[in-house]
Amino acid sequence: PVSLYAATKKSNELMAHCYSHLYGIPATGLRFFTVYGPWGRPDMAYFSFTDAILGGKPINVFNHGDMERDFTYIDDIIEGICRVMKKIPESNGGWDGARPDPSSSSAPYKIYNIGNNNPEPLMKFISVIEDALGKKAVINFLPMQPGDVRMTCADIDDLRADTGYAPRTPIEQGIPAFVKWYREYYRV
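When we follow our numbering, the leftmost residue of the sequence shown carries the number 395, and every step to the right adds one.
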């Protein structure tokens, strides 16, 4: 892992896998990709960008805007969770420790990525927020933050194959829904 955030996520997955292996308890790990939507965390970029743009304050955009994220609307995350809840992981009897498949295990354990499977440029995301707000952002372009990555993309092939999951919410639909909620909730 290239960041402490990634290291903590990986360590949690390793502990869950170990527990599953030792005690035969089915365990499923879920990796969410850049979740956005109503009732989100105020420290997330889309939330703080919305607040700053409405308040006429500048937003900080790292790597000079050259970033892509697999933005995933909350409804698609919930759909993925509901589908995974119906799928109890099983041991792979053919698993070979000499040539391990990272998507399989001898333990009843599985990891799924839940995302949109469609990275969007950060500047496009900001543009959609601006359009939904009817107001332009004042942007403070900054260099890349240590430990950050230029792009994220959820590989949802296993989730799709095992559960039929298919995300349905493009940012052009999800951001206006968030902005509508934000304006109503905060009365702005």
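Beta carbons: idealized from backbone N, C-alpha and C, even for Gly.
Keep in mind the model is a prediction, meaning the values are calculated, not measured.
Pairwise C-alpha distance: residue j and residue i
| i | j | result |
| --- | --- | --- |
| Ala-526 | Gly-434 | 17 Å |
| Leu-408 | Pro-513 | 27 Å |
| Asp-551 | Ile-472 | 17 Å |
| Ala-548 | Ile-533 | 27 Å |
| Asp-495 | Asn-457 | 34 Å |
| Gly-541 | Gly-431 | 25 Å |
| Glu-578 | Phe-572 | 10 Å |
| Pro-502 | Ser-442 | 40 Å |
| Asn-454 | Asp-469 | 27 Å |
| Tyr-399 | Lys-529 | 33 Å |
| Met-438 | Tyr-576 | 14 Å |
| Met-479 | Trp-489 | 23 Å |
| Lys-451 | Ile-419 | 50 Å |
| Arg-581 | Lys-574 | 10 Å |
| Asn-511 | Arg-562 | 11 Å |
| Asp-464 | Gly-491 | 32 Å |
| Phe-535 | Met-461 | 12 Å |
| Leu-416 | Ile-505 | 17 Å |
| Asn-406 | Pro-395 | 13 Å |
| Pro-515 | Ser-521 | 10 Å |
| Pro-570 | Arg-493 | 47 Å |
| Lys-589 | Pro-564 | The structure shown does not extend to residue 589, since the chain is modelled only from 395 through 582, so no value can be given for it. |
| Phe-519 | Pro-436 | 17 Å |
Of the residues the options, the one placed nearest residue i, counting alpha carbons only
| i | options | result |
| --- | --- | --- |
| Lys-404 | Gly-423, Gly-418, Ile-419 | Gly-423 |
| Tyr-467 | Phe-426, Ile-482, Thr-402 | Phe-426 |
| Ser-397 | Pro-570, Arg-562, Val-543, Ile-520 | Val-543 |
| His-411 | Pro-395, Ile-569, Arg-554, Pro-483 | Pro-483 |
| Ser-556 | Pro-570, Ile-520, Gly-491, Gly-474 | In the sequence as presented, Ser is not what sits at residue 556; that position holds Asp. The candidate whose alpha carbon is nearest that of Asp-556 is Gly-474. |
| Arg-477 | Leu-553, Met-545, Glu-462, Val-522 | Leu-553 |
| Gly-449 | Phe-519, Pro-436, Ala-531, Gly-509 | Ala-531 |
| Ser-559 | Gly-509, Ser-521, Tyr-440, Phe-519 | Note that residue 559 corresponds to Tyr in the displayed sequence, not to Ser. The residue with the shortest Cα to Cα distance from Tyr-559 is Gly-509. |
Assumed close pair residue i, residue j - CB separation to whole angstroms, cut-off 8 Å
| i | j | result |
| --- | --- | --- |
| Asn-507 | Ser-499 | In fact, because the Cβ distance is near 16 Å, the residues do not count as touching under 8 Å. |
| Ile-447 | Glu-566 | Incorrect: roughly 17 Å between the Cβ atoms, too far for contact. |
| Gly-459 | Met-517 | 5 Å |
| Tyr-413 | Ala-421 | 7 Å |
| Thr-546 | Thr-444 | Incorrect: roughly 21 Å between the Cβ atoms, too far for contact. |
DSSP beta-bridge partners of residue i
| i | result |
| --- | --- |
| Lys-574 | Lys-574 pairs with nothing; no bridge assigned. |
| Lys-504 | Thr-422 |
| Thr-402 | DSSP output for Thr-402 lists no bridge partner at all. |
| Phe-535 | Val-455 |
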